[in-house]
Amino acid sequence: SKQLDESNVKSWVVNAGNDLSIITKVAALVQESGCVENVSILITDAQKMTDMNESQDALKALESTSCKYTIVAVGEITEAPEGQLPYSIQEFGTEAAALNSTATYSRAESLRVLA
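In my numbering, the protein residues as written are 4 to 118.
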């Protein structure tokens with residue numbers, strides 16, 4: 004959090020892979036810093052995530068901060084061109100947001116959606 008404070012970071016983009024503990028750690032750092040206003044988190048390989056309770060715990064950690072946040076959860080990252088596969092928007096941490104085991108997503112498109 005010292006680096007966040009010293010740099011007076013207002014917005015933070017995080018690539019968490021499929022490790023939800025990173026979201027909890029980010030929430031703690033945001034809380035400590037007091038300067039971060041917005042966090043955007045990219046979760047990749049989300050098709051491997053099966054524990055909705057773990058997702059809910061990560062959300063609770065973010066909600067305990069005063070910052071605004073966006074979570075984009077996508078399947079396995081590929082180098083496919085953008086716009087090749089349809090996607091839907093769901094509430095993270097719900098059964099409706101669970102991805103099928105073969106879900107993939109374009110790297111370029113995932114970064115565009117996150118931004």
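Glycine is no exception: its CB is placed at the ideal position from the N, C-alpha and C atoms. Since the model is a prediction, treat every value here as computed from it, not as a measurement.
Item	Value
To the nearest angstrom, how far is it from the Cα of T81 to the Cα of Y90?	15 Å
Buried or exposed: where does T53 fall if 16 or more other Cβ atoms within 10 Å of its Cβ makes it buried?	exposed
Determine the closest residue to A106 out of L88, N56, G96, with distance taken between C-alpha atoms.	L88
Taking the alpha helix (DSSP H) that I92 belongs to, which residues open and close that run?	That residue, I92, is in no alpha helix (DSSP H); it is neither H nor E in DSSP.
Determine the direct distance from the alpha carbon of Q6 to that of T97, and round the result to whole angstroms.	34 Å
Curious, which full-length beta strand (DSSP E) runs of at least 3 residues does the stretch 10–71 contain?	14–20, 41–46
In whole angstroms, what separates the C-alpha of D8 from that of E35?	9 Å
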